[in-house]
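Engineer: First residue of the sequence shown: 658, per the working numbering; consecutive thereafter.
Where a beta carbon is used, it is the ideal one built from N, C-alpha and C, also for glycine.
One structure, pasted below without further comment.
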Amino acid sequence: MPRPIVATIDSAALRHNLSRAKAMAPNARIWAVVKANAYGHGLAVAVQAFDAADGLALIEFDGAAKLRTLGWHKPILMLEGMFDPTDLIPVCELGLDIVVHNEAQIGWLEQAQQSGQLVLATGRKLSIHLKMNSGMNRLGLMPDAYQAAHARLAALPGVGQIVLMTHFANADQAAPPVMPVAQQMQRFAAGCAGLTGLTSLANSGATQLHAECHADWLRPGIMLYGGVSGHGPASELGLLPAMHLSSELISVQQIAAGESVGYASRFVASAPMRIGIVACGYADGYPRHAPTGTPVLVDGVRTRLVGQVSMDMIAVDLEPIPEAQIGSRVTLWGAGLPIDEVAQHANTIGYELMCALAPRVRQVLL
Ligand SMILES: *Cc1c(COP(=O)(O)O)cnc(C)c1O
């Protein structure tokens, strides 16, 4: 018997969430973001569920190769572009679009052009998203260096269209104390003055909160998986959870008042109580910092985690579910228990929980 922990991936929910993004910005094209193994959901299911997307965007070159093997023939955008000059080989062979975000990358492309290597197997010219640092201060050319970078790329015969791109630090917050979207938009507009071309600005947060930034190409990620960024809940945005993490009780203990549960005896029972042990721990991707009180469903009834999360197990309070026994179904997150709510208890975000789903957890397609 395999361990009872299962991540059920709902491809109809993925499909539905993509249609929600499209409905929010009907005139924009969509890069469905599938980095980090489609936020833990798997590239194979993403390729099918996101077949209505205009392209898929990710970071990992092995992931891009896998998308082609899985039969994705539409555009693929590498969100961090090339990490070194040899990355041009998969770019050309797989026909990838790339982000260019620094001058070293421009130099690599110029060298490749000179040595005759800037030729895509598809026969098309290389499509580039040229990224501006408008205030996020991670990747991108500064606004005053942007035009010169654009000119260097436009001068290369192997380069086709250049999409103007930036990324927001606070698109998911209504009133951030620093670096609001409007400030980044001003810098972006100033840096792009006189340039023509399509633009790509919006992640999930901007897709939902900033219609003025929808531009030509959206880049939604978390919302496609039914999570929220910054504000919520996801259900109010018409989004459906796509990952359901469930398991079973593998032990039930009746303990006396004063008994403690688990490592470090972090939880001490104040009265006699029943404790359920769930086959799910931090080695499955459950957050180790989830404290006593983090919500868990047992047989669909809400209860709480008690004590410290261990590698392969957690303990839950069975007082609200007297009929629970070995084999009772447990929901860690998914339908009835939003991943963002669990994440909040663990002082993290739904993104991290999705991405941390461990390879040892069986994935089942709904
Ligand atoms: C990850 C990523 C996104 C998607 O962000 P979400 O908050 O998940 O919507 C968009 N653009 C870039 C450049 C990214 O790296």
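Starting from Trp688, follow the beta strand (DSSP E) in both directions and report where the run begins and ends.
Structural biologist: Judged by DSSP secondary structure, Trp688 falls within the beta strand (DSSP E) whose first and last residues are 686-690.
Engineer: Check whether the Cβ of Pro877 sits closer than 6 angstroms to any heavy atom of ligand 2, and report yes or no.
Structural biologist: Looking at this structure, you won't find ligand 2 anywhere; what it does contain is ligand 1.
Engineer: The beta strand (DSSP E) spanning Lys788 covers which residue range?
Structural biologist: 783-789
Engineer: Is Leu897 near Gly883, with beta carbons less than 7 angstroms apart?
Structural biologist: For Leu897 and Gly883, yes; Cβs fall inside 7 angstroms.
Engineer: Ends of the alpha helix (DSSP H) at Gln762?
Structural biologist: Going by DSSP, Gln762 is part of the alpha helix (DSSP H) stretching over 760-771.
Engineer: Give me the residue from Tyr920, Ile983, Ser927 with the minimum Cα distance to Ser904.
Structural biologist: The shortest C-alpha to C-alpha distance from Ser904 to any of Tyr920, Ile983, Ser927 is the one to Ile983.
Engineer: Could you say which of Gly915, Asn759, Ala940 lies nearest to Pro929 if we only look at CA atoms?
Structural biologist: Gly915
Engineer: Runs of 4 residues minimum, wholly inside the region 949-991: which ones carry the alpha helix (DSSP H) assignment?
Structural biologist: none
Engineer: In chain order, what residues of the same chain have a beta carbon less than 6 angstroms from the beta carbon of Val963, not counting five sequence neighbours either side?
Structural biologist: Val918, Phe924, Thr949, Ala972, Asp974
Engineer: Could you check whether the Cβ of Asn860 sits closer than 6 angstroms to any heavy atom belonging to ligand 1?
Structural biologist: yes
Engineer: Less than 7 angstroms between the beta carbons of Leu671 and Ala693, yes or no?
Structural biologist: no
Engineer: Below 6 angstroms CB to CB, which residues in the same chain sit around Leu775 once its five sequence neighbours on both sides are set aside?
Structural biologist: Ala769, Gly815
Engineer: According to DSSP, is Met842 part of a helix, a strand, or is it coil?
Structural biologist: helix
Engineer: Restricting to Cα atoms, I'd like to know which of Val885, Trp874, Asp801, Asp941 is closest to Met822.
Structural biologist: Trp874
Engineer: With Met968 and Ala926 assumed to form a contact (beta carbons below 8 angstroms), what rounded beta-carbon distance in angstroms separates them?
Structural biologist: Not really, about 23 angstroms apart at Cβ, beyond 8 angstroms.
Engineer: What is the DSSP secondary structure of Ser676, reduced to helix, strand or coil?
Structural biologist: Note: Ser676 maps to helix in three-state DSSP.
Engineer: With a floor of 4 residues, list each alpha helix (DSSP H) that falls wholly inside the region 808-838, ordered by position along the chain.
Structural biologist: none
Engineer: Could you name the residues that DSSP lists as bridge partners for Ile733?
Structural biologist: DSSP output for Ile733 lists Leu713 as bridge partner(s).
Engineer: Starting from Ser904, trace the beta strand (DSSP E) both ways and give me its first and last residue.
Structural biologist: 900-912
Engineer: Comparing C-alpha positions only, which one of Val1018, Ala936, Val885, Pro977 sits nearest to Ile1006?
Structural biologist: Nearest option by C-alpha distance: Val885.
Engineer: Taking 6 angstroms as the line, does the beta carbon of Leu975 fall inside it for any heavy atom of ligand 1?
Structural biologist: no
Engineer: In the DSSP assignment, the alpha helix (DSSP H) including Glu933 goes from what residue to what residue?
Structural biologist: For the sequence presented, residue 933 should be read as Gly rather than Glu. Note, Gly933: premise wrong, no alpha helix (DSSP H); beta strand (DSSP E) at 930-936.
Engineer: Across which residues does DSSP place Arg1019 in a beta bridge pair?
Structural biologist: Val663
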